[in-house]
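Down below is the structure, laid out as structure tokens.
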Ligand code: FES
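Numbering (the numbering used here), first residue to last: 3 to 377.
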């Protein structure tokens with residue numbers, strides 16, 4: 003039996019907001035200032051900021067419009083995590099604050115600050131959305147009336163269609179911090195929107211383009227930050243992994259970045275040893291066929307080029323000479339268990355990916371969807 007929701011308090015409480023302020027035109031460095039606001043606990047952080055602006059300091063800059071998690075304009079970091087100010091309750095924010103209970107609000111990361119909490123999303127966000135050709139290129143011949151597609155294929159792209167372009171994932175992306183040219187989680191999720199659409203005529207070209215780009219789908223390092231931060235549950239990293247599977251397994255695109263071979267090396271090693279054997283990852287990733295002998299001559303040049311990196315890792319204790327040279331493996335019983343899973347997955351005639359994003363809330367729909375999925 004489900005328990006009744008906790009009653010919402012209608013009594014105003016005091017919350018202290020610590021806001022990061024910066025005006026590049028002033029020539030002064032960034033600083034923090036504090037404002038105490040009085041609001042009901044279920045009110046949003048955005049309402050807190052607007053109260054501070056209306057009542058104590060009219061110069062605080064924040065971008066917002068709908069106040070209902072629809073327009074995507076109020077992306078900020080609250081207590082170090084990116085999200086929507088209008089979609090974060092003050093009482094929840096206070097719980098995740100530091101010991102002093104002060105809610106810290108700062109602009110999104112990875113983008114230049116225009117003023118206070120307003121960032122310039124042009125280069126890092128919007129230009130990259132444009133870069134993935136964010137529109138459908140319909141298959142020929144164009145039908146007299148509409149394209150007919152099966153319902154499940156549209157379910158698969160619904161998750162990416164939920165994106166409101168708030169830039170929270172971009173602001174917290176660790177790969178973008180290292181490589182500002184990375185196409186990024188929002189744009190790649192947008193790319194899957196069309197790669198996954200059966201009406202699109204350019205799926206293979208889109209995948210080849212994003213696989214060959216050194217800042218494309220293989221530039222993601224699986225940090226999961228975009229999944230944690232996305233306020234709409236788009237899970238951009240999952241969409242990037244879908245793009246990779248489509249590129250590698252469906253279209254057999256062997257990219258110049260060794261991305262497909264690197265993934266294939268991971269899978270092969272887990273099947274062989276039951277876990278990732280670091281000693282063989284690099285050579286297997288760099289040879290033309292990951293099933294070849296581990297030190298294939300083709301890999302020698304590339305392996306030599308990785309030596310400075312390996313030396314640094316050894317000096318910092320990230321790897322030991324033993325793990326660098328000798329593949330470690332699970333004991334035979336555990337290897338058998340992993341191989342059973344591996345064989346079950348690889349023994350399937352076809353890969354069925356089913357996006358569960360919109361199932362589970364409406365019982366009738368969930369039943370219909372699962373019946374269709376079985377068919
Ligand atoms: Fe529109 Fe927050 S104001 S999403």
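Beta carbons: idealized from backbone N, C-alpha and C, even for Gly.
Would you verify that the beta carbon of residue 234 is, or is not, closer than 8 Å to some beta carbon of chain B?
-> In the displayed structure, chain B is absent; only one protein chain is listed.
Simplified DSSP assignment, three categories, for residue 160 | helix
Any heavy atom of the ligand FES closer than 7 Å to the Cβ of residue 173?
-> no
Return yes when at least one heavy atom of the ligand FES lies under 7 Å from the C-beta of residue 69, else no.
-> yes
Would you tell me roughly how many angstroms separate the C-alpha atoms of residue 49 and residue 159, rounded to the nearest one?
-> 33 Å
Distance cut-off 7 Å: residue 170 Cβ against heavy atoms of the ligand FES | no
What separation, rounded to the nearest whole angstrom, lies between the Cα atoms of residue 223 and residue 146?
-> 44 Å
For the ligand FES, any of its heavy atoms closer than 7 Å to the Cβ of residue 50?
-> no
For residue 186, which of 212, 201, 207 has the nearest alpha-carbon?
-> 212
Would you kindly check if the distance between the Cβ of residue 170 and the Cβ of residue 77 is under 8 Å?
-> yes
Among 194, 233, 259, 251, nearest to residue 221 - alpha-carbon criterion = 259
So residue 186 is in the alpha helix (DSSP H); what residue range does that whole segment cover?
-> No alpha helix (DSSP H) holds residue 186; DSSP gives it neither H nor E.
Locate the alpha helix (DSSP H) running through residue 315, then write down its first and last residues.
-> 309-317
Label residue 203 either buried or exposed according to how many other C-beta atoms from any shown protein chain fall within 10 Å of its C-beta, with 16 as the threshold for buried.
-> exposed
Provide the residue span of the beta strand (DSSP E) that contains residue 19, from first to last.
-> 15-23
Report the residue from 57, 17, 44, 61 whose alpha carbon sits nearest the alpha carbon of residue 25.
-> 61
Going by other Cβ atoms of all chains shown within 10 Å of its Cβ, with 16 needed for buried, is residue 374 buried or exposed?
-> A caution first: residue 374 carries a pLDDT of 44, below 50, which makes its placement in the model unreliable, though a value can still be read off. Exposed, since its Cβ has fewer than 16 Cβ neighbours within 10 Å.
For residue 89, three-class secondary structure by DSSP | helix
Alpha carbon to alpha carbon, how far is residue 105 from residue 344?
-> 46 Å
Whole-number beta carbon distance between residue 44 and residue 91, since they are thought to touch under 8 Å = 5 Å
Decide yes or no for the touch test of the stretch 223-242 against the stretch 266-278: beta carbon pairs closer than 8 Å, at least 3 of them.
-> no
The beta strand (DSSP E) with residue 35 in it runs from where to where?
-> 33-41
Taking buried to mean at least 16 other C-beta atoms within 10 Å of its own C-beta, is residue 155 buried or exposed?
-> exposed
Which of the three DSSP states, helix, strand or coil, is assigned to residue 219?
-> helix
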